[in-house]
Amino acid sequence: MDFERLISERYSVRAYKNTSVEEWKIEKILQAARLAPSAANRQPYKIIVIDTKGKESELRKVYDADWFVQAPVVIAICGIKKEAWTRRDGKNHLDIDCAIAMDHMILAATDLGLGTCWICAFSPSEAKKLLRIPDGVEVIALTPVGYPADTPGTKKRKDLKQLVCRDFWQ
Ligand SMILES: Cc1cc2nc3c(=O)[nH]c(=O)nc-3n(C[C@H](O)[C@H](O)[C@H](O)COP(=O)(O)O)c2cc1C
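At position 89 of the sequence shown the residue is numbered 164 (this note's numbering), and the sequence of numbers has no breaks.
Below is the structure:
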């Protein structure tokens, strides 16, 4: 899919078909994360691929939506804070690195005809418990992965004029 089509066709999918996702597609999605840039090339994360079948009730404790557990797969990106690059002023870049990797996966999934939805409004404590996350590691974001069973709405976005200025803040 060409890039312009890819970024305009991606949308937050909130209904999924009861169709499994081919393993080669999951592999391609994970390779996209692997190729993502990260600060100082640290790649300070681990990606957990979760088969939802049989885990629906536990997953609902993490994020309570029918469509979340309808998808055959959920992918979680988990950040390892001590491995992330920290700037001199102390700013740790973990969240940025994880977001880039997640976005690469989401765009790769779109390119393969799959639906996804960024999920950050989940319960961190339930996610930690379910995924057996050790201390020092944080679940940053989740996405279901599956074949869409809904259709995209219209994309509401700010105008470029509201988002961009030239040379300095105005
Ligand atoms: C960092 C981030 C967190 C998000 N968390 C959630 C979430 O917890 N639940 C949800 O339904 N959508 C979530 N979304 C999806 C946004 O609501 C959605 O991307 C936005 O409304 C634009 O719609 P679109 O993705 O269909 O273009 C999140 C998106 C981002 C980028």
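Backbone N, C-alpha and C fix where the C-beta goes; we use that ideal spot for every residue, glycine too. On a predicted model such as this, the values are computed, not experimentally measured, just so you know.
{"Asked": "Residue closest to Lys-231, alpha-carbon to alpha-carbon, out of Val-137, Ala-159, Ser-87 and Glu-102", "Found": "Ser-87"}
{"Asked": "Beta strand (DSSP E) runs wholly inside the region 78-156, at least 3 long, in chain order", "Found": "120-126 and 148-155"}
{"Asked": "Burial state of Asp-242 (16 or more Cβ within 10 Å)", "Found": "exposed"}
{"Asked": "Nonlocal neighbours in the same chain, by C-beta distance under 8 angstroms from Ala-114, ignoring five residues either side", "Found": "Ala-159, Trp-160, His-168, Ile-171 and Asp-172"}
{"Asked": "Proximity test, Cys-173 beta-carbon vs ligand 1 heavy atom, cut-off 7 angstroms", "Found": "no"}
{"Asked": "Closer than 7 angstroms: Trp-193 CB and nearest ligand 1 heavy atom", "Found": "yes"}
{"Asked": "Residue environment, Phe-78, which counts as buried when at least 16 other CB atoms sit within 10 Å", "Found": "exposed"}
{"Asked": "Member of Ala-184, Asn-93 and Asp-210 whose CA lies at the smallest distance from the CA of Cys-153", "Found": "Asp-210"}
{"Asked": "Close Cβ partners of Thr-127 (< 7 angstroms) along its chain, the five nearest in sequence each way excluded", "Found": "Leu-134, Val-144, Ala-146, Pro-147, Val-148 and Val-149"}
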